[in-house]
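Colleague:
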Amino acid sequence: MSTRYALLLDVDGPIASPESRRVRPEITDALTRLSQAGTPLVFNTGRSDAFISQTVLPGLTVGSEGAPIHAICEKGASWFTLTSSRESELHVDESLVLPEALRSEIRDLTGEFADFMFFDETKRAMISVEQNTDVRNELYQRVQAGFDQKAAEAVERHGLSDRVRLDPTIISTDIEDSRVGKDLGADRALELLRADGLDPADYVWRTVGDSRTDYAMADRLHELGLTVAHVDVRPSDGIPEGRPYEVLTYEGLLHDDAGLAFLEELLASLGQPGQ
Numbered sequence: 276m277s278t279r280y281a282l283l284l285d286v287d288g289p290i291a292s293p294e295s296r297r298v299r300p301e302i303t304d305a306l307t308r309l310s311q312a313g314t315p316l317v318f319n320t321g322r323s324d325a326f327i328s329q330t331v332l333p334g335l336t337v338g339s340e341g342a343p344i345h346a347i348c349e350k351g352a353s354w355f356t357l358t359s360s361r362e363s364e365l366h367v368d369e370s371l372v373l374p375e376a377l378r379s380e381i382r383d384l385t386g387e388f389a390d391f392m393f394f395d396e397t398k399r400a401m402i403s404v405e406q407n408t409d410v411r412n413e414l415y416q417r418v419q420a421g422f423d424q425k426a427a428e429a430v431e432r433h434g435l436s437d438r439v440r441l442d443p444t445i446i447s448t449d450i451e452d453s454r455v456g457k458d459l460g461a462d463r464a465l466e467l468l469r470a471d472g473l474d475p476a477d478y479v480w481r482t483v484g485d486s487r488t489d490y491a492m493a494d495r496l497h498e499l500g501l502t503v504a505h506v507d508v509r510p511s512d513g514i515p516e517g518r519p520y521e522v523l524t525y526e527g528l529l530h531d532d533a534g535l536a537f538l539e540e541l542l543a544s545l546g547q548p549g550q
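Quick note on the working numbering: the sequence shown kicks off at 276 and runs consecutively.
Encoded structure:
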């Protein structure tokens, strides 16, 4: 019997280019064919449902006999399903939504840095700012440190330091409830698959990401006794030592180049070579 795989996918990096913020057609095609071949796909991302709907899902289809495709957004704070008739109802965990007063202050603060970043109005629970696409990443990261300091001071002024944390990435800063994370997203993913009538233990799992925080996906699945390996498409961020599962990398390939290589390799192992 051939191996059955299930995928838990970060979006920025392995699926969408951090530079263009777009998904290349070859990746969309590979994801569609994996679903049609019976591979459950779950996006586990800090991105909003709007970004997934507008950037990742166009061109991605699941047939009536295909495996499910789920989107866990804002690191577990919201989620929805892609079906043969397109998207299902969006669910939001209201306990993870940050106060509007803090959101308003961070929106105003972002205006002081408007030459370098923008406020993401599509987030429903967390608060995020993101690098302008016409700004060099090295410049953005230098300015980002100043923004993060002022944002942390705002969190403290609102008396939220015990509940809220800042999570800077290479192109953004997320201000979020401390309970969200890629491990919470993994838990949501398993709940959704069980609701589909699938047993997560029937699959060999591959988690895919571009930062050290993405290892929390594989950590959680391994902790629950599932068979998993992690695909790191940006190992220069640092591979944590002592992980009890295999870590896969693609030498000479970065971000969505490595993500595409992984997807095509997986298709080939299922007897469906890339087109």
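Don't be surprised by glycine CBs; every beta carbon is placed ideally from N, CA and C.
If you run the structure through DSSP and keep just helix, strand and coil, what is residue 328?
Modeller: Helix at residue 328.
Colleague: Grouping DSSP H, G and I as helix and E and B as strand, with all else coil, what is residue 280?
Modeller: The answer is strand: DSSP assigns residue 280 an E or B state.
Colleague: Starting from residue 513, follow the alpha helix (DSSP H) in both directions and report where the run begins and ends.
Modeller: Here residue 513 belongs to no alpha helix (DSSP H), and DSSP marks it neither H nor E.
Colleague: Short check: CB of residue 367 to CB of residue 352, under 8 Å?
Modeller: Their beta carbons are under 8 Å apart, which means residue 367 touches residue 352 by this criterion.
Colleague: Assign residue 392 to one of three DSSP states: helix, strand, or coil.
Modeller: Strand.
Colleague: Mapping DSSP to helix, strand and coil, what is residue 403?
Modeller: Reduced to three states, the DSSP call for residue 403 is strand.
Colleague: Relative to the C-alpha of residue 337, which residue among 350, 313, 438, 321 is closest?
Modeller: Ranking the options by Cα distance to residue 337, first place goes to 313.
Colleague: Does the count of Cβ pairs from the segment 324-336 and the segment 440-460 closer than 8 Å reach three?
Modeller: Contact fails: fewer than three Cβ-Cβ distances are below 8 Å.
Colleague: From the DSSP output, read off the bridge partner residues of residue 451.
Modeller: According to DSSP, which records beta bridges pairwise, residue 451 is partnered with 440.
Colleague: Quick check: the Cα distance between residue 432 and residue 315, rounded to an integer number of angstroms?
Modeller: Looking at the two C-alpha atoms, the distance is approximately 43 Å.
Colleague: Whose CA, out of 427, 398, 317, 363, lies closest to the CA of residue 325?
Modeller: Of the candidates 427, 398, 317, 363, the one whose C-alpha sits nearest the C-alpha of residue 325 is 398.
Colleague: With distances taken between CB atoms, is the gap from residue 494 to residue 508 smaller than 8 Å?
Modeller: No.
Colleague: For the beta strand (DSSP E) that contains residue 345, what are its first and last residues?
Modeller: Element bounds for residue 345: 344-348.
Colleague: Is the beta carbon of residue 483 sitting closer than 8 Å to the one on residue 506?
Modeller: Result yes, Cβ atoms of residue 483 and residue 506 sit closer than 8 Å.
Colleague: With C-beta atoms as the reference, is residue 305 less than 8 Å away from residue 298?
Modeller: It is not a contact, given that the beta carbons lie outside the stated cut-off.
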